[in-house]
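Here is the structure we will look at.
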Amino acid sequence: MCRWCGEPAGRATGAGLVGRPAQGLVGRSWQGTHGEAATAAVMALLQAVQAEAGGADVFAGPIIALSWSDRPDGFRTFVGVDLGDAGTGLAADGERVDLPPMLFAADWHEAGDGDVLDHYQALIEWVRATGNSWDRTILHHREEYPRHADFSAPTALRLMLPVTAPQAAGVRRQGRSVAGAAVRNPETDGAPRRRRRGSADADRQAAISALMPSATNCTASAARMTPSSRVRIERPV
């Protein structure tokens with residue numbers, strides 16, 4: 000049991016809104032094409048950061064992956080940990096990212112839950128159905144992995160979309176499946192339900208165009224997004 004699994008959008012609660020305070024992260028970055036990512040370049044980054052930060056303590060904070068789709072055929076990603084959880088080497092020469100307080104729509108994805116992109120699409124549909132807005136001003140996606148994750152195989156993780164929430168709409172709807180989506184409550188649901196296709200196809204394409212590390216085994220043509228300019232990755236001199 001990790002220290003962050005029991006909050007809303009954890010293992011047994013289904014989709015919900017979760018906040019993250021202002022946070023300083025230290026880690027490593029990568030940028031390239033979807034094809035390069037599919038050849039395990041990003042997985043290698045996750046493993047490297049895990050090794051530098053130390054992955055044995057299950058009560059340590061998560062490994063955090065941020066992504067931005069800032070080119071037609073690829074994306075950039077930053078993988079790191081909280082400054083307070085960083086190993087000596089990573090803290091000394093890692094790249095630094097400072098994030099403001101943020102609100103996310105989030106859901107837990109188990110290793111056996113199937114296609115991550117389908118789950119992201121379900122989460123996008125949940126955001127729309129609960130009156131929230133996917134806010135890509137600062138970043139496009141955030142993922143949180145257990146510090147002890149085995150990145151040589153599919154692993155559990157928290158999927159997170161930054162949102163703007165009018166009057167915190169949707170908090171009471173956490174754990175519900177909406178619009179035929181595969182967002183589910185593991186305590187009460189069986190196999191994930193198939194989502195309905197339709198007007199959400201454009202949003203699915205947007206999700207595909209900003210592939211996160213969890214989805215780099217998928218191939219797709221990317222649609223360009225507006226690059227984020229409010230988060231700067233600071234590299235050591």
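Each residue of the sequence shown is one higher than the last, beginning at 0 in numbering that gives the first Met the number 0. Backbone N, C-alpha and C fix where the C-beta goes; we use that ideal spot for every residue, glycine too. Only a predicted model underlies this, so the values are computations on that prediction, with no experimental measurement involved.
Cβ neighbour criterion (16 or more within 10 Å) applied to Ala-180: As a first step, residue 180 must be located in the sequence shown, where it is residue number 181. Its pLDDT being 33, under 50, Ala-180 is placed unreliably by the model, and the measurement read from it follows with that caveat. That one is buried.
Ala-85 versus Leu-160 - alpha carbon distance: Within the sequence shown, residue 85 is the residue found at index 86, counting from 1. Within the sequence shown, residue 160 is the residue found at index 161, counting from 1. One C-alpha to the other measures close to 24 Å.
Residue(s) in a DSSP beta bridge with Phe-77: Along the sequence shown, read from residue 1 onward, the residue named residue 77 stands at position 78. Beta-bridge pairing links Phe-77 to Ser-28, Leu-65.
Contact belief for Val-17 with Phe-77 at Cβ below 8 Å, rounded distance in angstroms: Numbered from 1 along the sequence shown, position 18 holds the residue referred to as residue 17. Numbered from 1 along the sequence shown, position 78 holds the residue referred to as residue 77. No, Val-17 and Phe-77 are not in contact; Cβ-Cβ is about 20 Å, not under 8 Å.
Reference Ile-250; option with closest CA among Asp-72, Ala-148, Leu-65, Leu-45: Given a span of 0 to 236 for the chain in the structure shown, any question on residue 250 remains unanswerable.
Assigned exposure category for Val-25 - 16 Cβ within 10 Å defines buried: Here residue 25 corresponds to residue number 26 of the sequence shown, with the count starting at 1. Its Cβ being crowded by 16 or more others within 10 Å, Val-25 is buried.
Secondary structure of Thr-87, DSSP reduced to three states: In the sequence shown, counting from the first residue as 1, residue 87 sits at position 88. It is helical.
Residues near Ala-40 by beta carbon distance below 7 Å, same chain, minus five either side: The sequence position of residue 40 within the sequence shown is 41, counting from 1. Around Ala-40: Trp-29, Gly-31.
Bridge-paired residues (DSSP) for Asp-97: As a position in the sequence shown, residue 97 is number 98, starting the count at 1. Answer is Gly-23, bridged to Asp-97.
CA-to-CA distance, Val-80 to Gly-243, given in whole angstroms: This structure does not reach residue 243, given that the chain is present from 0 up to 236, and the question cannot be answered.
Short Cβ contact (8 Å threshold) for Val-162 with Trp-133: Working through the sequence shown from its first residue, we reach residue 162 at position 163. Working through the sequence shown from its first residue, we reach residue 133 at position 134. Yes, the Cβ-Cβ distance between Val-162 and Trp-133 is below 8 Å.
For Ile-62 and Leu-274, believed in contact at Cβ under 8 Å, the rounded distance: In this structure the chain extends from 0 to 236, so residue 274 is not present and cannot be described.
Nearest candidate by alpha-carbon position, reference Ala-14, set Ala-110, Asp-72, Ala-52, Ala-105: The count along the sequence shown starts at 1 and reaches residue 14 at position 15. Of Ala-110, Asp-72, Ala-52, Ala-105, the residue nearest in Cα terms is Ala-105.
Of the residues Phe-58, Gly-73, Pro-145, Thr-87, the one placed nearest His-33, counting alpha carbons only: Walking along the sequence shown from the start, residue 33 turns up at place 34. Nearest of Phe-58, Gly-73, Pro-145, Thr-87 to His-33, Cα basis: Gly-73.
Rounded C-alpha distance that separates Asp-92 from Arg-27: As a working note, residue 92 is residue 93 in the sequence shown. As a working note, residue 27 is residue 28 in the sequence shown. Taking the straight line joining both Cα atoms gives about 9 Å.
Straight-line Cα distance separating Gln-22 from Ser-151: Numbered from its first residue, the sequence shown carries residue 151 at position 152. Numbered from its first residue, the sequence shown carries residue 22 at position 23. About 28 Å.
Sequence-distant residues of its chain with Cβ nearer than 8 Å to Ala-90 (five each side left out): On the sequence shown, residue 90 is found 91 positions in, with the first residue counted as 1. Here the set comprises Val-25, Leu-82.
Length of the line joining the Cα atoms of Arg-19 and Ala-37: Working through the sequence shown from its first residue, we reach residue 19 at position 20. Working through the sequence shown from its first residue, we reach residue 37 at position 38. Cα to Cα, the separation comes out at about 29 Å.
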